[in-house]
C-alpha cells in the first residue's frame with residue numbers, strides 16, 4: 055500500500071479515494087492533484103477533468119456519470135454524480151476458474167458439535183420459536199427463566215434463546231410471504247446450532263403449529279416439542295409447561311461434546327452494513343479472500359442482500375457455474391425491480407445516511423464493494439430466502455439489504471456463523487449463529503473495539519496485504535467456530551435480531 059493520502063484502485067479509474075481527510079488546496083504531488091474542496095476520508099476526488107455525462111470509474115467499474123463538468127481535484131459525490139442504469143452484459147460463465155481444492159486429508163479443522171442428522175454446529179443452544187406474534191411474550195418468559203445460575207448445571211449448553219416474530223396471522227395464506235415465514239421457522243428448527251427446539255403457538259392463528267411441522271417435514275419428539283396456548287390453558291400454564299419441556303431437554307443437550315471436524319462443514323453468511331468508502335478496499339475484499347480459502351477447504355460462503363449487487367451483478371453472472379445459475383440471479387433482480395418500483399428504496403439508488411457520510415454516493419458504488427465479500431470462486435447456486443443450502447462452495451441467497459432480515463435468512467438456510475463487515479460501526483449480533491464483526495478502518499475499530507472483532511484497516515495502514523488479512527480472517531473464523539466467543543456474544547447481543555422477511559398484504 056502506498057504512503058500517499060490518495061489511493062488509485064485501478065489504472066483506468068478517473069477518481070481517487072482519500073485515505074484520510076484532505077484540506078482545501080492541499081497538493082498531492084504523486085497524482086498531480088490539488089484539492090478544490092475539503093475531501094473527507096473514504097470519499098472521492100477527481101483524478102483528471104471529467105466531462106458532464108462521462109462515466110465515473112472506480113475499480114474500473116462505472117458508479118455513475120458526471121452530472122456536470124468536473125476538474126481535477128474536485129470532490130466527487132452524490133451532489134455531482136448521477137446514477138444512470140444501462141445494459142450490463144451478464145457474460146454467463148466467462149470468468150469461471152476451477153477451484154484448487156485442498157486435499158481432504160489436509161483440510162483445516164475446527165471443534166464442532168456433530169448432530170445426528172449430519173450437520174455440524176458451532177454452538178449448542180436450545181431454541182424456542184413462536185408460530186405467531188401472539189405467543190411471542192410467552193416464549194420470551196420461558197427463555198428468561200433459564201438464567202446463568204439455572205444453567206450452571208449444564209455447562210455444555212450455550213443458552214436458551216427465544217426467537218419471537220411479529221407475523222404468523224393477519225396474512226394471506228397460501229402466499230409467498232406465508233411460505234417464506236414457514237421456511238424460516240423450519241430452518242431454525244432444524245439448525246445444527248440448536249440441540250433442542252420448542253415451538254409455541256396460540257391456537258387460532260393462520261400459521262398452525264401442526265400444519266407448520268407437516269408442511270416443512272418436521273417431526274416432533276424428545277428434542278422438538280410443541281405447545282398451543284389455547285389447549286394448554288393460557289399464558290401462565292403455557293409458560294410453566296414450556297419451562298418443564300426445556301428442563302427435560304437440557305440433560306440430553308448437555309451431553310453434546312465438541313469434536314474435530316473438517317472446515318468443509320462450515321457455512322458462513324456474509325453481511326455488510328454501515329458501509330463506507332473503505333469497505334470495498336479493506337474489509338470486503340479481505341473477507342472475500344477468506345471465503346476463497348473456505349471454498350478451497352470444501353466449505354460454503356453465502357452472499358446475500360440482493361439490492362446490494364444491483365449494478366455489479368455481472369461480477370457474479372460471469373462467475374456462474376452454469377448459464378442457468380446466472381439466469382436465476384438475474385431473475386431475482388428482475389423480481390426486485392418489480393417489488394421496488396416507485397419506492398424510495400436502496401434498490402433504486404438511495405443508500406442510507408451512514409453510507410453517504412462514509413463516502414458511498416449511490417447503490418452502484420455500495421454494490422461494488424458489497425459483491426467483493428463473495429471472493430472469486432465460481433457461483434455454484436442461487437437460493438431463495440431461507441431455502442436450505444445444499445450446494446457447497448460460493449452461493450447466493452436472495453434477501454433484502456436490511457441486515458437483521460438478511461442474517462435471519464442466512465441462518466435459516468444453514469449458516470452457522472455470520473461475518474459482518476462495517477465501515478461506520480454497525481452494532482449487531484445473532485443467535486444461534488454468532489456474528490464476527492470486521493471493521494473497515496482503524497479509527498473506527500479503535501473507537502468501537504468493544505464491538506469489533508477484526509481490524510481490516512491494517513490494509514490501508516500498510517501492515518497486511520488483502521491476501522494476508524484473508525488468511526487471518528479464515529483462521530479467526532475457525533477459532534470462533536470452535537467456541538471462542540465473539541464480541542457480540544460477550545455483549546449479549548442476538549436475542550432481538552430474529553427478523554423474518556415480511557412480504558405482501560397484512561390484513
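In the numbering used here, the protein residues as written are 55 to 561.
C-beta atoms are modelled at their ideal positions from N, C-alpha and C, and glycine is treated no differently.
The C-beta of residue 329 has 16 or more other C-beta atoms within 10 Å across all chains shown, which makes the residue buried. Apart from the 5 residues on each side of it in sequence, residue 369 sits with its Cβ closer than 7 Å to the Cβ of 425 in its chain, given in chain order.
For residue 336, the number of other beta carbons within 10 angstroms of its own is at least 16, and it is reported as buried. Pairing residue 248 with residue 242 gives a Cβ-Cβ distance under 8 Å.
Spatial neighbours of residue 138 in its own chain (CB-CB distance under 6 Å, excluding positions within 5 residues in sequence) are listed in chain order as 119. Of the residues 416, 560, 386, 397, the one whose Cα lies closest to the Cα of residue 453 is 386. If you look at residue 437, you'll find it in the beta strand (DSSP E) that goes 433-437. Taking C-beta atoms as the reference points, residue 297 and residue 280 fail to come closer than 8 Å. One Cα belongs to residue 315, the other to residue 442, and the distance between them is close to 21 Å. Only exposed fits residue 544, as fewer than 16 other CB atoms lie within 10 angstroms of its CB. In the same chain as residue 192, and ignoring 5 residues on each side of it, the C-beta atoms closer than 8 Å to its own belong to 184, 254, 283, 289, 292, 293, 296, in chain order.
Distance from the CA atom of residue 536 to the CA atom of residue 502, rounded to whole angstroms, is 25 Å.
Looking at 467, 471, 470, 491, the one whose alpha-carbon comes closest to that of residue 478 is 491.
With respect to the 8 Å criterion, residue 150 and residue 339 are not classified as neighbours on the basis of their beta carbons. Assigned with DSSP and collapsed to three states, residue 136 falls in strand. Judged by beta-carbon spacing, residue 186 lies beyond the 8 Å limit of residue 285, meaning their Cβ atoms are not closer than that value. For residue 80, there is no enclosing beta strand (DSSP E), as DSSP marks it with neither H nor E.
Here residue 455 is near residue 359, since their CB atoms are less than 8 Å apart. For residue 216, the beta-bridge partners assigned by DSSP are 182. Only residues of its own chain outside the window of five on either side were considered, and among them 120, 122, 123 have a CB closer than 6 Å to the CB of residue 106, listed in chain order.
The DSSP-derived three-state label of residue 474 is strand.
Counting only runs of 4+ residues, the alpha helix (DSSP H) found wholly inside the segment 358-387 occupies 368-371, in chain order. Under the 10 Å beta carbon count, residue 318 is surrounded by 16 or more other beta carbons and is classified as buried. Collapsing the DSSP output to three states places residue 316 in a strand. Boundaries of the alpha helix (DSSP H) around residue 526: 520-535. In the DSSP assignment, residue 253 is bridged to 183, 280. Fully enclosed alpha helix (DSSP H) runs of no fewer than 4 residues occupy 407-411, 417-424 of the segment 406-453, in order along the chain. Within the same chain, and ignoring the five residues on either side of residue 67 in sequence, the residues whose Cβ sits closer than 8 Å to its Cβ are 101, 111, 112, 113, 114. With respect to residue 460, residue 135 sits apart: the two C-beta atoms are not nearer than 8 Å. With fewer than 16 other beta carbons inside 10 angstroms of its own, residue 444 counts as exposed. Here the C-alpha atom of residue 348 lies approximately 41 Å from the C-alpha atom of residue 128. Contact between residue 342 and residue 429 holds, since their C-beta atoms are separated by about 4 Å, short of 8 Å. Across the set 206, 510, 299, the C-alpha of 299 shows the shortest separation from the C-alpha of residue 275. Check the Cα spacing between residue 181 and each of 200, 552, 160, 214: the tightest is with 214.
In this structure residue 361 is buried. Its beta-carbon is surrounded by 16 or more other beta-carbon atoms within 10 angstroms.
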